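In this text, residue positions in the sequence shown follow this note's numbering: the first is 2, and each later residue adds one.
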Amino acid sequence: MISMVFWLSCIPGRRLNRKGKTVSMDDTTIQMLKKLTELSGPPSYERRVRACMVDTMTPFVDEVVGDRIGGVFGHKASAEAEAPRVMLAGHMDEVGFIISGVSPDGLLQFKPLGGWWSQTLLSQRVTLHTDSDDLTGVIGTRLIRQALSPSEKASALSIDDMVIDCGAVSASQIHDWGIHVGTFVTPQSAFEVLNGGKRLLSKAFDNRYGCALALDVLRTLAGEALPCDLYSGATVQEEGGLRGASAAAELLKPDLFIAVDSSAARDVSRKPEELGRLGDGFLLRAFDSRMRPDYAFREWTQKLAEDHGIPYQWFYSHGTTDAAAVQSTGIGVPSIVIGIASRYNHSHSVIVDRDDYDASLRIVCEIIRSMSRETYAGLLP
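If you want it as structure tokens, here you go:
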């Protein structure tokens with residue numbers, strides 16, 4: 002068990018766990034989002050995020066369980082016989098990079114981990130993670146701006162033309178610092194509260210939003226008797242392959258799955274018909290590139306949101322989530338995706354709306370409070 006001090010315990014204004022009540026984001030949630038988004042955790046190097054999650058969830062659950070590649074979940078058991086097993090998961094990893102080469106002059110070649118848009122990268126600071134230290138670098142290029150033609154300047158630069166400069170003067174100095182092929186790299190960015198607290202800015206909301214929500218659900222429901230067995234936590238290695246979801250599902254063997262993830266907002270496109278608008282409620286996914294959410298579960302969730310006055314918006318995605326992997330495990334797991342819209346996703350600076358977070362927390366809590374054995378049976382074919 003992780004021995005670090007439970008970092009939320011000294012923060013004032015913690016949410017009271019009262020049955021049927023979920024209040025809007027309080028100072029504890031803001032501090033949790035700050036902590037989680039500022040932690041580094043690229044795919045397969047999520048250990049810092051995992052330690053934080055274990056430490057945070059432990060006071061609110063009956064046990065903490067994990068798979069062999071890093072996924073971790075807090076289990077809150079139901080007293081009901083044959084209670085359905087509900088798995089709720091964000092994913093700990095964020096988009097990052099990995100060092101692929103070291104030049105004699107100390108500049109570093111790198112490859113993306115997850116989907117990056119190269120135009121967001123030049124001159125951005127990054128953190129290199131060695132076995133003994135974290136080092137700062139900046140993404141640059143060997144191309145000389147003044148020597149480029151107008152058409153070249155107007156073209157997007159490939160990541161293959163970029164390097165990371167961490168101030169080293171030679172390959173031997175890079176070696177002495179513990180940097181090598183395979184060293185992980187993450188964006189360097191600070192959490193900020195914008196517009197009086199309505200909007201939040203940071204890296205890694207994909208998917209530390211889901212991690213925070215999974216923890217907030219455990220905190221909110223800690224004092225309640227539930228009709229279902231709840232496993233709430235996060236997977237690993239979602240970016241670029243959904244690798245951790247199948248392992249976690251094999252461990253937990255859920256009857257139902259709820260993926261909680263952020264999705265690219267489209268409200269800056271100037272097209273009023275575009276989906277995914279900040280401040281309009283949680284995202285209820287209709288479909289994405291790899292899965293179709295379970296129809297009965299999805300429609301039941303829509304009605305639940307309407308009955309409780311929880312704002313939501315329909316959404317489809319060109320990407321996908323862990324639900325695509327969990328849905329087809331075992332004999333099949335009815336799955337849905339609950340999300341929030343995030344502007345400038347997969348970059349150093351992502352903006353989300355705190356009211357959307359609150360709406361997603363409310364609907365997930367109501368799903369869990371309502372998921373009795375009878376309700377679950379009614380969702381099956």
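C-beta: ideal position from N, C-alpha, C; glycine also. All of these numbers come straight from a predicted model, not from anything done at the bench.
DSSP, reduced to helix, strand and coil, places residue 61 within a helical segment of the structure shown. Residue pairing for residue 341: DSSP places it in a beta bridge opposite 263.
Taking the Cα positions, residue 219 is about 11 Å away from residue 365. For residue 135, the three-state secondary structure derived from DSSP is strand.
Secondary structure within the stretch 47–109: the beta strand (DSSP E) runs of 3 or more consecutive residues, fully enclosed, are 64–67, 73–77, 86–92, 97–103 (chain order).
As DSSP reads the structure, residue 112 sits in a beta bridge with 99. Judged by DSSP in its simplified three-state form, residue 311 adopts coil rather than helix or strand. Take residue 63, set aside five residues on each side of it, and the residues of its chain with a beta-carbon closer than 7 Å to its own are 76, 77, 78, in chain order.
Note that the stretch 119–132 touches the stretch 178–195; at least 3 beta-carbon pairs, one per stretch, sit closer than 8 Å. The residue from 229, 248, 258, 138 with its alpha-carbon nearest to that of residue 374 is 229.
For secondary structure counted as the beta strand (DSSP E) over 3 or more consecutive residues, the stretch 203–264 holds these complete runs in sequence order: 230–236. Following the DSSP letters along the chain, one finds residue 362 inside the alpha helix (DSSP H) bounded by residues 355–371. Taking a C-beta distance under 8 Å as the contact criterion, residue 257 and residue 372 qualify as a contact pair. Your pair residue 344 and residue 269 checks out as a contact, with CB atoms roughly 6 Å apart and the cut at 8 Å.
Within the DSSP secondary-structure output, residue 130 pairs in a beta bridge with 135, 185. Ranked by Cα distance from residue 377, the first of 168, 149, 118, 334 is 334. With contact defined as three or more Cβ pairs closer than 8 Å, the stretch 235–250 and the stretch 292–300 are not in contact.
Between residue 262 and residue 312 the beta-carbon gap is near 18 Å, outside 8 Å, which marks them as no contact.
Here residue 91 really is in contact with residue 212; their C-beta atoms are around 4 Å apart, less than 8 Å. At least 8 Å separates the beta-carbon of residue 337 from that of residue 278. Following the DSSP letters along the chain, one finds residue 163 inside the beta strand (DSSP E) bounded by residues 163–166.
Here the C-alpha atom of residue 162 lies approximately 11 Å from the C-alpha atom of residue 112.
Residue 193 is bridged by DSSP to 202. Under the criterion of beta carbons closer than 8 Å, residue 94 and residue 248 do not qualify as touching, at roughly 13 Å.
A Cβ-Cβ contact shorter than 8 Å links residue 255 with residue 88. Taking C-alpha positions only, residue 357 is separated from residue 369 by approximately 19 Å. When only Cα atoms are considered, residue 56 and residue 231 end up about 18 Å apart.
Here residue 191 really is in contact with residue 39; their C-beta atoms are around 7 Å apart, less than 8 Å.
The distance from the Cβ of residue 172 to that of residue 283 is about 49 Å, inconsistent with a contact at the 8 Å cut-off.
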